[in-house]
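Mapping of the sequence shown onto our numbering: residues 6 to 282, in sequence order. Heads up, the beta-carbon is just placed ideally off N, CA and C, and yes, glycines get one too. Everything numeric in this text was worked out from a predicted model, so none of it was measured. So the structure is just underneath, and the comments pick up after that.
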Amino acid sequence: MGAPLAANPVAEAEAAADDLQAAAIALGEARQADDRIAALTQTVRAFEDALGALRGGIRQAEIRARSIEARLAQDEAQLANLLAALQIIQRTPAQVLLIHPNGPIGSARAGMMVSELTPGLQLKADQLSQDLADLALIRQTQQVAQTQLQSGLVGAQEARAELARIMSEREGVPPVRPDPALLQAILEGSDSLAAFALGLEALALVPGQTQGFGVWRGRLPLPVSGSLLRGYNVSDQAGVARPGWILAVEPGSLVSSPVAATVRYSGPLLDFGNVIV
């Protein structure tokens, strides 16, 4: 498998939109049950990618909004003094502004100081206006994204339900099931996932499904939409290294085999939780 790319919500959203369009075309062209299963699997994956992109966009928007709010809060005291000064100047009669205790020279100096302050005040006002406009746009974008997120969740649930229905109704050659007693003996005699996999080699393979892993090495997509937490044999905080990738995924995400395969075992295994081999 290749390592996932760095998160980019914009690129992810564009790719997810393309995937949804391709999935819709594949679903419309599917005629056989297997074709519909493949198309629905593609549809569910596209929905999950789209939901991930939406969540990423919402997170980045919230980070940007909080940054603006923090800057506004930091400048709140300065802005309050600025507004108070502007209000005083606005309420002061023009003839009073021309009078200075130090006479004409003091008035001239005060005028020069005010003229030097004006560009800075205008720049500050423009920045404040832009920040407020950005904040309003971000909040509006978040509301739209939340609506799209809810719609996407409904679409993903409907696609999952349709996929489950078609798979339950599909008729064909029953899957090969190993002898339960033999399988239990292999499980009990295994002290690692690798040992368990070696034990399964004693079971007969389905004809036509014996292509070696070397053909697919480095080319397999992830079996589920998510982000990589730890790579193969990378130790966690407790110092435990596991022979596989650890992914962070959303609850209910679709897990599928990246290539045609036969399920040899499905269930709990040692301390790995539920495992599919």
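Opening and closing residue of the beta strand (DSSP E) in which residue i lies
| i | result |
| --- | --- |
| residue 72 | Unbroken run through residue 72 is the alpha helix (DSSP H), 38-79; no beta strand (DSSP E). |
| residue 243 | That residue, residue 243, is in no beta strand (DSSP E); it is neither H nor E in DSSP. |
| residue 235 | 232-235 |
| residue 253 | 251-253 |
Which residues DSSP lists as bridging residue i, in chain order
| i | result |
| --- | --- |
| residue 272 | 280 |
Beta-carbon separation (whole angstroms), residue i vs residue j, contact threshold 8 Å
| i | j | result |
| --- | --- | --- |
| residue 164 | residue 52 | 6 Å |
| residue 73 | residue 131 | At roughly 15 Å, the Cβ-Cβ gap does not stay under 8 Å, so residue 73 and residue 131 are not in contact. |
| residue 66 | residue 146 | 6 Å |
| residue 133 | residue 84 | 7 Å |
Three-way DSSP call (helix, strand, coil) for residue i in this model
| i | result |
| --- | --- |
| residue 134 | helix |
| residue 225 | coil |
| residue 260 | coil |
| residue 179 | Residue placement at residue 179 cannot be trusted, given a pLDDT of 49 that sits under 50; the coordinates are not used to answer. |
| residue 35 | coil |
| residue 140 | helix |
| residue 211 | Unreliable positioning characterises residue 211 in this predicted model, as indicated by a pLDDT of 43, which lies under 50. The coordinate reading is nonetheless provided below. It is coil, neither helix nor strand. |
Identity of the residue in the options nearest residue i by Cα
| i | options | result |
| --- | --- | --- |
| residue 249 | 25, 80, 259 and 233 | 233 |
| residue 169 | 71, 257 and 273 | 257 |
| residue 221 | 262, 246, 238 and 62 | 262 |
| residue 171 | 149, 44 and 20 | 44 |
| residue 63 | 76, 153, 275 and 24 | 153 |
| residue 225 | 20, 148, 142 and 264 | 264 |
| residue 230 | 28, 47 and 39 | 47 |
| residue 159 | 84, 28 and 49 | 49 |
| residue 270 | 147, 281 and 34 | 281 |
| residue 139 | 30, 82, 32 and 71 | 71 |
| residue 54 | 173, 157, 84 and 276 | 157 |
| residue 3 | 37, 56 and 38 | Here the chain has residues from 6 to 282 only, and residue 3 is not among them. |
| residue 227 | 245, 241, 259 and 242 | 259 |
| residue 77 | 30, 37, 129 and 35 | 129 |
| residue 21 | 39, 79, 60 and 34 | 60 |
| residue 142 | 161, 33 and 69 | 69 |
| residue 247 | 223, 238, 253 and 254 | 238 |
| residue 253 | 268, 236 and 243 | 236 |
| residue 255 | 38, 86, 277 and 161 | 161 |
| residue 39 | 243, 273, 173 and 223 | 173 |
| residue 245 | 272, 268 and 276 | 276 |
Residue i beta carbon near the ligand NAP (any heavy atom closer than 7 Å)
| i | result |
| --- | --- |
| residue 255 | For the structure depicted, the ligand NAP is absent and the ligand set is empty, with no information on it obtainable. |
Cβ of residue i within 8 Å of any chain D Cβ
| i | result |
| --- | --- |
| residue 161 | Among the chains in the structure shown there is no chain D, since it carries only a single protein chain. |
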